[in-house]
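S.K.: Have a look at this one before I ask anything.
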Amino acid sequence: MNRLKLILLLVFVCFALRLSAEEHPLNRYDFVVSADGTGNFRTVQEAFNAVPDFRKVSTTIFIKNGIYKEKLNLSATKNMVKIIGESVDKTILTYDDWAQKKNIFGEEKGTSGSSGTYIYGNGFSAENITFQNTAGPVGQAVALFVAGDQAKFTNCRMLGFQDTLYTYGYGSRQYYDKCYIEGTVDFIFGASTAVFNECEIFCKQGGYITASSSPDTSRYGYVFYNSKITGTAPENSFYLGRPWRPYAKVVFINCDLGSMIRPEGWNNWGKESNEKTAFYAEYKSRGKGANAKKRVIWSHQLNEAEVLEYSLIKVLRGWNPQHTKTERP
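All residue numbers for the sequence shown refer to this note's numbering, where the first residue is 348 and numbers rise by one.
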């Protein structure tokens, strides 16, 4: 082989290697987490810590399949962080705290202290991730605690029993798209405005799906679009919700309700005064659990004009999580 051919061959090889590296799917991400050491980090918390504080562009973290038992905290200084799992069933962020478990000082952790994952940063998003609390039926045991504004979850699972998903953020806007959420008592709860689009809500045993604590200053609380209520709970064993705070707000729109939903639908948490302040409504519910005529008289069935007030943009106060471009909160 003459010298010219050798040079051309080397140039071609270098170009091919560079092109291959650029096209490798993992190069689309800023960080890769892998428990086996083949990524940038072995733990998710290490990747969270590596995100620069107050970064003005998004940071994308790819998490390879694995069970990551970590007490995770994404601080309020880490904005626009996006995590993507390799597969929703095999990329699992898990922990096993519960409210009555004692900390190192002998104090109970409480509901807020029981979560496995805490999201405080604004503009957070997650895809193909399972958030899990494995403490079991031992009382409050949060799998996911979300405080940041403009939080988006796509094709994720939230697994637990009591108090699975804590939409903690006062005034924060949250969007759950095609997610699976399971639990028993009050397993979707908190003060945030949250939309659940085409989600599966899985009822275990018996209890209450929602425990909204919307403040009186919030026009919207929880809105479920085109979602399905399923589960293993017995027939007539679940309420759609009860008011954790007096001005709770929950609306189900075009949802399929399973037979575990009680005919009365809603519970006042033992306080008749809540019936005057809480807002519970449905629009075109269907399925064995849909029973508009037997709902409590203080709940509402929306008409065609009223349901127009529940567009995605109105509920989320101008934020459109379906927009593909990442926007700074």
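Cβ coordinates follow ideal geometry from the N, Cα and C atoms, glycine included. Every value quoted in this text rests on a predicted model; they were computed, and no experiment measured them.
#1: Evaluate I660 with the Cβ neighbour count: other Cβ atoms within 10 Å of its Cβ, from every protein chain shown; 16 or more gives buried, anything less gives exposed.
#2: When DSSP builds the beta bridges, which residues end up paired with Y627?
#3: DSSP state of W666, grouped into three classes?
#4: Assuming T557 is part of the beta strand (DSSP E), what are its boundary residues?
#5: Could you compute how far the alpha carbon of T564 sits from the alpha carbon of S539?
#6: Within the same chain, show all residues whose beta-carbon is closer than 7 Å to that of T458, passing over the 5 residues directly before and after it, in chain order.
#7: Judging by CA-CA distance, which residue of I408, R375, S462, V428 is the nearest neighbour of K418?
#8: Would you mind reading off the limits of the beta strand (DSSP E) that contains G432?
#9: In the structure shown, what three-state DSSP assignment does R633 receive?
#10: Leaving out the 5 sequence neighbours to the left and right, which residues in its chain are closer than 7 Å to P581 when beta-carbon positions are compared?
#11: Could you tell me the distance, in whole angstroms, from the CA atom of L421 to the CA atom of Q521?
#12: Write down the C-beta distance between T557 and L587 rounded to the nearest angstrom, noting that I regard them as a contact closer than 8 Å.
#13: Using the Cβ count rule (16 or more neighbours within 10 Å means buried), how would you classify I451?
#14: Taking only the alpha-carbon atoms, compute the straight-line gap between A473 and E656 and give it to the nearest angstrom.
#15: Within 10 angstroms of its Cβ, does N374 collect 16 or more other Cβ (buried), or is it exposed?
#16: Here's the rule I'm using: 16 or more other beta-carbon atoms within 10 Å means buried, otherwise exposed. How should E529 be labelled?
#17: Report the option in M427, A382, K403 whose CA atom is closest to the CA atom of N412.
#18: L366 to T464, Cα distance in whole Å?
#19: CB G495 to CB A423, shorter than 9 Å?
#20: If you compare alpha carbons, which of D444, Y523, T514 is closest to P484?
M.R.: Inspection of the coordinates gives the following:
#1: exposed
#2: V597
#3: coil
#4: 547-559
#5: 11 Å
#6: A446, Q487, V489, D510
#7: S462
#8: 428-432
#9: strand
#10: G553, M607
#11: 16 Å
#12: 7 Å
#13: exposed
#14: 28 Å
#15: exposed
#16: buried
#17: A382
#18: Low per-residue confidence applies at L366: pLDDT is 41, beneath 50, and the placement is therefore not dependable enough to give any value.
#19: yes
#20: D444
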